[in-house]
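Numbering (the UniProt record's numbering), first residue to last: 56 to 456.
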Ligand code: PMP
């Protein structure tokens with residue numbers, strides 16, 4: 056008998072498992088709104104033009120070799136990534152008090168940041184929003200932190216539970232780590248306003264809470280890279296410390312290349328350099344050093360003015376298509392006279408709509424309409440097109456009436 060005979064079958068990942076089920080469905084009308092990956096109007100994955108151009112430049116450069124990167128990744132990529140998220144004029148960059156290390160996309164950046172905190176920070180508790188991206192819980196628990204929640208979403212208004220959030224942050228122990236979605240909160244699509252962010256910042260600084268920003272959608276929410284980075288920049292401009300995990304999966308469409316960065320903003324360059332030396336000790340035994348192709352693409356785009364400008368246009372076009380899908384879905388439900396207030400579809404922002412549909416309604420839509428989505432009622436707007444909106448609207452209409 057196998058020495059592994061006792062191993063039990065693990066459940067599918069709640070998000071990636073949706074695609075597994077979708078792939079098994081032979082129906083021609085099936086629709087995958089589970090995973091957050093951008094699709095064109097034709098329902099196809101998109102490789103950005105600037106990415107194709109950058110790859111061409113890289114391929115043509117015969118001086119490029121396949122040597123290992125340093126443990127901290129491609130230095131040029133790290134510098135450009137910090138500029139992108141904190142702003143070219145950021146005093147923290149000028150004062151050299153940020154350490155940025157290339158990591159395996161957003162997830163890897165969160166994990167490295169979590170492991171660093173578990174080893175070196177005096178508070179081992181991280182507060183995450185209720186609800187949040189499902190992977191946050193396991194990433195931080197396995198990093199060695201203890202995970203607690205703060206109130207975030209109010210199902211009654213399908214908006215922010217701002218009062219609840221402030222109360223829970225107020226009662227967190229001094230120094231606790233607070234995970235914040237920089238923009239386009241996943242799964243709810245609900246973000247604080249800039250005025251609310253300012254109140255959050257004041258409260259957190261007054262209680263010495265440590266901000267850990269997860270920035271998986273910079274530019275994808277509003278279409279503006281600077282606009283979506285505003286909350287992070289507010290926290291950096293007060294001179295305080297913070298963490299930021301960046302992903303290029305969505306905003307540059309580099310999903311499978313696994314390109315991201317972890318930045319830690321410190322009080323002084325001296326602290327930043329010691330922090331970086333410890334980050335290397337976290338990374339080296341985990342995966343030794345990160346891959347070279349993805350960050351080379353990003354660096355090629357970010358450092359060239361023309362490519363950068365073209366990228367911002369392509370990014371804006373993706374954001375705009377998602378916003379137009381929100382409007383079309385909202386209009387289609389109105390046209391059907393679907394009971395209920397669906398204005399949250401156009402109020403929410405980013406890749407996802409948190410529909411408010413319950414588990415039974417989701418199961419009904421999958422069974423009867425071959426529409427696949429996570430059981431919490433989250434749909435990826437980027438997976439929709441003008442052609443498929445009517446089908447989804449029919450399904451939602453049938454599910455709620
Ligand atoms: N954080 C959030 C909030 C996300 O939605 C995602 C992607 N779904 C990630 C992090 C990580 O994505 P990746 O590792 O592919 O960059």
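For every residue, glycine included, the Cβ atom is placed at its ideal position computed from N, Cα and C.
Here the stretch 365 to 382 does not lie against the stretch 331 to 351, with fewer than 3 beta-carbon pairs under 8 Å apart. Secondary structure in the stretch 213 to 255: the beta strand (DSSP E) runs of 3 residues or longer, each lying completely within the stretch, are 232 to 236 in chain order. Straight through space, the alpha carbons of residue 140 and residue 356 are spaced by roughly 15 Å.
Sequence-distant Cβ neighbours of residue 240 in its own chain, meaning closer than 6 Å and more than five residues away, are 246. With respect to the C-alpha of residue 233, the residue from 193, 212, 243, 178 having the closest C-alpha is 178. Residue burial is scored here from C-beta neighbours: residue 248 has fewer than 16 other C-beta atoms within 10 angstroms and is therefore classed as exposed.
Under the three-state reduction of DSSP, residue 180 is assigned to strand. Residue 109 sits away from residue 182, with the two beta carbons spaced by 7 Å or more.
Distance from the C-beta of residue 241 to the nearest heavy atom of the ligand PMP is below 6 Å. Closest by C-alpha distance to residue 158, out of 444, 318, 403, is 318. Shortest gap from the CB of residue 244 to any heavy atom of the ligand PMP: 6 Å or more. Here the alpha carbons of residue 150 and residue 123 stand approximately 29 Å from one another. The beta carbon of residue 96 sits closer than 8 Å to those of 376, 440, 441, 442, all from its chain and outside the five residues before and after it, given in chain order. In the same chain as residue 82, and ignoring 5 residues on each side of it, the C-beta atoms closer than 8 Å to its own belong to 425, in chain order.
Scanning 160, 256, 204, 170 for the CA closest to the CA of residue 198 turns up 170. Assigned with DSSP and collapsed to three states, residue 195 falls in helix.
Distances from the CA of residue 354 to each of 128, 148, 379, 192 were compared; the closest alpha carbon is that of 128. A distance below 8 Å between beta-carbons, with the five flanking residues on each side excluded, links residue 75 to the following residues of its chain, in chain order: 67. With a cutoff of 6 Å, residue 68 does not count as near the ligand PMP, since its C-beta is closer than that to no heavy atom of the ligand.
Residue 237 sits close to residue 286, with the two beta carbons spaced by under 7 Å.
Residues 448, 452 of the same chain have their beta carbon placed closer than 7 Å to that of residue 391, with the five preceding and five following residues left out of the count.
Relative to the ligand PMP, residue 311 has its C-beta separated by 6 Å or more from all heavy atoms. At least one heavy atom of the ligand PMP is found less than 6 Å from the C-beta of residue 302. Bridge pairing for residue 317: 156, 300 [DSSP].
Nearest neighbour of residue 131 by Cα position, chosen from 347, 433, 455, turns out to be 347. Each residue's CA atom was taken as its position, placing residue 419 and residue 363 some 44 Å apart.
Of all alpha-carbon atoms in 99, 229, 282, 111, the one lying nearest the alpha-carbon of residue 142 is that of 282. Assignment of residue 87 by DSSP, reduced to helix, strand and coil, places it in the strand class. Here residue 269 really is in contact with residue 161; their C-beta atoms are around 7 Å apart, less than 8 Å. Not a single heavy atom of the ligand PMP lies less than 6 Å from the C-beta of residue 308. Around the C-beta of residue 409, 16 or more other C-beta atoms lie within 10 Å, and the residue is accordingly described as buried. Beyond the five residues adjoining it in sequence on each side, residue 428 comes within less than 7 Å, by CB distance, of 73, 88, 89, 417, 434 in the same chain, given in chain order. Secondary structure at residue 269: strand, using DSSP grouped into helix, strand and coil.
For residue 209, the three-state secondary structure derived from DSSP is strand. The distance from the Cβ of residue 263 to that of residue 229 is about 5 Å, consistent with a contact at the 8 Å cut-off. For residue 360, the uninterrupted alpha helix (DSSP H) run begins and ends at 360 to 390, by DSSP.
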